[in-house]
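Numbering-wise, this note's numbering puts 259 at position 259 of the sequence shown, and it's gapless, one number per residue.
Positions of the beta carbon are idealized from the N, C-alpha and C atoms, including for glycine.
The structure appears below as structure tokens.
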Amino acid sequence: MAKIILAGGSGFIGQILAAHFTGKGDEVIVLTRGGNRIVNNVKYVSWNAATIGNWVAELENCDVLINLNGKSVNCRYNDKNKKEILDSRVNATRILGEAIRMVENAPKLWINAASATIYRYAEDRPQDEYTGELGKGFSVDVCKQWEAAFFEQDTPGVRKIGLRIAITLGRKGGVMTYYFNLAKFCLGGRQGSGKQYFSWVYENDVTGVIDFLRGHEELEGIFNVSAPNPVQNQEFMRVVRNVMKMPFGLHATKWMLAIGTRLLGTEAELVLKSRWVVPTRLLELGYVFKAPYIKDAVKLSSL
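Here's what the structure looks like:
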């Protein structure tokens with residue numbers, strides 16, 4: 001039985017990981033801003049993601065520490081939200097590094113879950129760990145500072161892996177709830193030009209990749225966690241409509257999205273940016289994706 005700590009593990013991906021590891025019989029501890037409690041064999045321990053506290057003791061003899069902490073980016077990018085988005089990621093990463101240096105038996109593996117949006121807008125070619133070009137703008141700057149805070153931590157003897165995770169699809173929440181609702185109300189047409197690429201990964205591959213990397217103790221550094229077959233937005237929306245058995249869906253122009261996302265309190269960038277990201281390192285190492293095609297991932301997400 002391994003000891004797994006999920007820092008900021010109360011969100012969508014955190015709950016996927018918690019269920020996966022408890023299902024394997026591992027001890028799972030979630031560092032959360034909520035109170036101390038035990039739910040479904042998961043121990044929740046309070047922390048504020050910014051200062052040292054009693055939670056540090058949980059790191060002792062930890063096998064895997066996975067940092068997921070960060071304010072949701074599904075909001076308007078005003079000054080207040082921008083500061084919280086950045087600080088919640090960078091500060092949590094730095095305090096975890098400090099905590100690791102305080103314990104006698106540090107975690108064997110520290111995984112920092114970041115974002116595949118670090119790459120530039122790409123319709124011309126795929127972006128991988130070797131030749132991918134980093135982009136510009138607020139979201140990219142957050143990713144850069146988040147990764148820098150992680151890799152600059154001096155934690156001798158701790159294996160460190162940074163995951164650039166694509167948009168995660170799954171059965172219990174996440175973005176698919178939004179897309180299924182669009183299709184249900186005949187709004188499941190292409191968004192913008194529809195030519196922007198949609199890089200994604202199914203929930204079972206997020207857990208599968210982490211298990212794979214755990215088992216290869218020689219591996220470190222950056223990995224793209226994205227399915228090997230990204231699709232354009234227009235194809236993604238066609239698949240969503242088919243799964244929902246909706247033959248028709250109204251298209252949303254850029255100006256419609258600008259108005260709609262403002263009313264919903266979020267940003268059009270989350271839909272319109274072309275993310276063409278591929279997992280070259282994982283494929284080279286022989287990882288076999290459980291859901292490599294979008295039609296399979298969308299269908300599984302609908303069950």
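Check whether residue i and residue j have beta carbons under 8 Å apart
{"i": "residue 222", "j": "residue 129", "result": "yes"}
{"i": "residue 95", "j": "residue 6", "result": "no"}
{"i": "residue 305", "j": "residue 274", "result": "There is simply no residue 305 to check, as the chain begins at 1 and stops at 303 in what is shown."}
{"i": "residue 201", "j": "residue 139", "result": "no"}
{"i": "residue 282", "j": "residue 196", "result": "no"}
{"i": "residue 207", "j": "residue 17", "result": "yes"}
{"i": "residue 56", "j": "residue 99", "result": "yes"}
{"i": "residue 191", "j": "residue 252", "result": "yes"}
{"i": "residue 68", "j": "residue 23", "result": "no"}
Straight-line Cα distance separating residue j from residue i
{"i": "residue 33", "j": "residue 46", "result": "5 Å"}
{"i": "residue 294", "j": "residue 158", "result": "35 Å"}
{"i": "residue 125", "j": "residue 171", "result": "30 Å"}
{"i": "residue 232", "j": "residue 149", "result": "33 Å"}
{"i": "residue 87", "j": "residue 248", "result": "42 Å"}
{"i": "residue 3", "j": "residue 28", "result": "6 Å"}
{"i": "residue 182", "j": "residue 162", "result": "33 Å"}
{"i": "residue 302", "j": "residue 101", "result": "43 Å"}
{"i": "residue 167", "j": "residue 226", "result": "8 Å"}
{"i": "residue 154", "j": "residue 97", "result": "7 Å"}
{"i": "residue 228", "j": "residue 246", "result": "27 Å"}
{"i": "residue 214", "j": "residue 243", "result": "34 Å"}
{"i": "residue 235", "j": "residue 61", "result": "46 Å"}
{"i": "residue 109", "j": "residue 64", "result": "5 Å"}
{"i": "residue 35", "j": "residue 58", "result": "15 Å"}
Backbone secondary structure at residue i - three-state DSSP
{"i": "residue 99", "result": "helix"}
{"i": "residue 145", "result": "helix"}
{"i": "residue 171", "result": "coil"}
{"i": "residue 266", "result": "coil"}
{"i": "residue 291", "result": "coil"}
{"i": "residue 65", "result": "strand"}
{"i": "residue 3", "result": "strand"}
{"i": "residue 72", "result": "coil"}
Limits of the unbroken beta strand (DSSP E) element including residue i
{"i": "residue 165", "result": "159–165"}
{"i": "residue 43", "result": "42–46"}
{"i": "residue 32", "result": "27–32"}
{"i": "residue 52", "result": "It is not in any beta strand (DSSP E) - residue 52 carries neither H nor E in the DSSP assignment."}
{"i": "residue 37", "result": "37–39"}
Opening and closing residue of the alpha helix (DSSP H) in which residue i lies
{"i": "residue 106", "result": "Taken as a continuous stretch (DSSP letters only), residue 106 belongs to no alpha helix (DSSP H), as it is neither H nor E."}
{"i": "residue 175", "result": "175–184"}
{"i": "residue 281", "result": "280–284"}
{"i": "residue 302", "result": "294–302"}
{"i": "residue 17", "result": "12–23"}
The ligand HEM heavy atom lying under 7 Å from the CB of residue i
{"i": "residue 231", "result": "This structure does not include the ligand HEM; it has no bound ligands of any sort."}
*Write down every uninterrupted run of the alpha helix (DSSP H) in the segment 179–237 whose length is 4 residues or greater and which is fully enclosed by it, in chain order.*
If we require 4 residues or more, the alpha helix (DSSP H) runs fully inside the segment 179–237 come out as 203–215.
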